[in-house]
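Student: Let me begin by handing over the structure; questions about it come next.
Have a look at this one:
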């Protein structure tokens, strides 16, 4: 039984990761460019429709047609719904199998048609799914589709998708490890980084070197004002938990409309017309709002109205199931909350308004960190997006506080919660139950099995421990093998039970009954 992956295979996977990244960079850049151009066109149309009744009627008809067409795509391929990140997580967890070509072209077309008119949806989640589909496709077309290799290529494609969408390669690789793959495997890390870097090269060639969210600021936040980070972190944590609760409740709210699930998108697409006519500068994913937020003045009423608009309509947009993500809308909401806090504290005489831009930057990271429960990704992502390393310390403080608040409120990672709501195909699990699969589980400091011999560990039934990695060295396990923190245990499991056994192993390792 082959357990280890040879150096030649590692090199081959890394080179395939570069290929996946290059293709993903091209596809995602086209996706990103198409959405940006579509948004500009629609913003102009909405403004013109203010004084042109025929155009207004035409826009409403066009939105209905788009809703029906995208609904048709969703009916044919339900797994293009939403951001696509929960589906990628389920696929990597062995809980579902996706048809990569069906996902790729439908997500691309459906995403542009859904996000382009100005819905409050992000391009980043769909970009991650587009990249993962390309990774799967490369694996199948090169016949490198045995279990572990296929998953590594899917993960590397996801990293490439985020890197190209945000021009943030390190954050792309970190997001896959922290949020999607849930495993800091060196093989996944290297391949994902190679893929993310190659995708980012393409993205930089198309869009230039300027950071995606270049928020200007005058001064670094002095240490005497760090107490604001604790208060703002608590506010972000509370607002983050509210975001999780409302977002997860939206499908059940839509069900009360009694419309078929696949055409729920007709509601946000029709509503975007009057919103676009009223405030065309505030529609879309929200990156333009973040960049210009400190230029909108210090009217607290205006900022609160913008927060309510962005919060409510982003829920309506994503809850409909249209292809589109929540990544950028979350960052946008965090930025607005940061601006509101800065204005309030300035009016109370507790903070100079010159630090508003700083809090906008910090709050973006804090809000994403607590909702996604991925603080490292949030810190690195915002650092890469704003193009400055000077904010690492306040970013870390704010993200940590917001994360702890959501954790105390029993909030789970939003993408994991969304994954649990997917309709997983039991036929697929039954079909693959004829095969075995490889599962790698890391042992952390404080684990309940740290310092125990294998013979004393109550492993679940029907698994076979076949290897233990200690750094780059592979140990052949036996009953007298001592498990240490930092090890990676490799077990063979029934492919159909992979996700279930993975959860059991993690609970056992963490001491959860």
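In full-length UniProt numbering, the protein residues as written are 1 to 513. Note that CB positions come from ideal geometry on N, CA and C, so glycine has one too.
Assuming residue 457 is part of the alpha helix (DSSP H), what are its boundary residues?
Tutor: In the chain shown, counting from the first residue as 1, residue 457 sits at position 457. Per DSSP, residue 457 belongs to no alpha helix (DSSP H) and is neither H nor E.
Student: Between which two residues does the beta strand (DSSP E) harbouring residue 489 extend?
Tutor: The sequence position of residue 489 within the chain shown is 489, counting from 1. Run containing residue 489: 488-494, per the beta strand (DSSP E) assignment.
Student: Apart from the five residues on each side of it in sequence, which residues of its chain come closer than 6 Å, Cβ to Cβ, to residue 381?
Tutor: As a first step, residue 381 is located in the chain shown; it is residue number 381 there, counting from the start. These residues qualify, in order along the chain: 168, 171.
Student: With distance defined between alpha-carbon atoms, name the residue in 337, 345, 266, 226 nearest to residue 237.
Tutor: Mapped onto the chain shown, residue 237 falls at position 237. Residue 237 has its Cα closest to that of 337, out of 337, 345, 266, 226.
Student: Do the region 382-391 and the region 200-214 make contact, defined as three or more Cβ pairs closer than 8 Å?
Tutor: These segments touch.
Student: Identify every residue that forms a DSSP beta bridge with residue 178.
Tutor: By one-based count along the chain shown, residue 178 stands at place 178. Bridge partners of residue 178: none, in fact.
Student: Since I believe residue 32 is in contact with residue 73 (beta carbons under 8 Å), could you give me their beta-carbon distance rounded to a whole number of angstroms?
Tutor: Taking the first residue of the chain shown as 1, we reach residue 73 at position 73. Taking the first residue of the chain shown as 1, we reach residue 32 at position 32. Their Cβ separation, rounded to whole angstroms, is 20 Å, which puts residue 73 and residue 32 out of contact at 8 Å.
Student: Report buried or exposed for residue 354, applying the criterion of at least 16 other Cβ atoms within 10 angstroms of its Cβ.
Tutor: By 1-based counting over the chain shown, the position of residue 354 is 354. Per the 10 Å Cβ criterion, exposed.
Student: Between 88, 179, 108, which has its C-alpha nearest residue 150's C-alpha?
Tutor: What you label residue 150 is simply residue 150 of the chain shown in a count that begins at 1. Checking every option, the nearest Cα to that of residue 150 belongs to 88.
Student: Can you find the residues in the same chain that come closer than 6 Å, C-beta to C-beta, to residue 530, ignoring five residues on each side of it along the sequence?
Tutor: No answer is possible for residue 530: it lies beyond the span of the chain, which begins at 1 and ends at 513.
Student: With a 10 Å radius around its C-beta and 16 neighbouring C-beta atoms as the bar for buried, classify residue 458 as buried or exposed.
Tutor: The residue you call residue 458 lines up with position 458 of the chain shown. Exposed.
Student: Could you tell me the alpha carbon to alpha carbon distance between residue 221 and residue 154, rounded to whole angstroms?
Tutor: By one-based count along the chain shown, residue 221 stands at place 221. By one-based count along the chain shown, residue 154 stands at place 154. About 40 Å.
Student: For the alpha helix (DSSP H) that contains residue 514, what are its first and last residues?
Tutor: Residue numbering for the chain in the displayed model covers 1 to 513; residue 514 lies beyond these limits and cannot be assessed.
Student: Can you find at least 3 beta carbon pairs, one from the region 408-415 and one from the region 236-254, that sit closer than 8 Å?
Tutor: Contact between the region 408-415 and the region 236-254 is present, because at least three Cβ pairs lie under 8 Å.
Student: State whether the region 387-404 contacts the region 222-234, with contact taken as three or more CB pairs (one from each stretch) at a distance under 8 Å.
Tutor: Touching, yes, given that three or more Cβ pairs across the two stretches are closer than 8 Å.
Student: Is it the case that the Cβ atoms of residue 191 and residue 13 are separated by a distance below 7 Å?
Tutor: Position 191 of the chain shown, counted from the start, is the residue given in the question as residue 191. Position 13 of the chain shown, counted from the start, is the residue given in the question as residue 13. Yes, they are a contact pair.
Student: For residue 246, collect the residues of the same chain with a Cβ closer than 6 Å to its Cβ; drop the 5 residues on either side in sequence, then sort them by chain order.
Tutor: Mapped onto the chain shown, residue 246 falls at position 246. Answer for residue 246: 315, listed in chain order.
Student: Out of 157, 140, 36, which one is the CA nearest neighbour of residue 113?
Tutor: Here residue 113 is taken as the residue at index 113 of the chain shown, counted from 1. The shortest C-alpha separation from residue 113 is found at 36.
Student: Comparing alpha-carbon positions, which option in 368, 392, 102, 421 lies nearest residue 404?
Tutor: As a working note, residue 404 is residue 404 in the chain shown. When only C-alpha atoms are compared, the closest one is 368.
Student: Would you list the one or two residues that DSSP bridges to residue 323?
Tutor: As a first step, residue 323 must be located in the chain shown, where it is residue number 323. Paired residue(s): 82.
Student: What three-state label does DSSP hand residue 474 in the structure shown?
Tutor: As a working note, residue 474 is residue 474 in the chain shown. Looking at residue 474 - three-state DSSP - the assignment turns out to be strand.
Student: Less than 7 Å separating the beta-carbons of residue 366 and residue 402?
Tutor: In the chain shown, the residue the question calls residue 366 occupies position 366. In the chain shown, the residue the question calls residue 402 occupies position 402. Cβ atoms of residue 366 and residue 402: closer than 7 Å.
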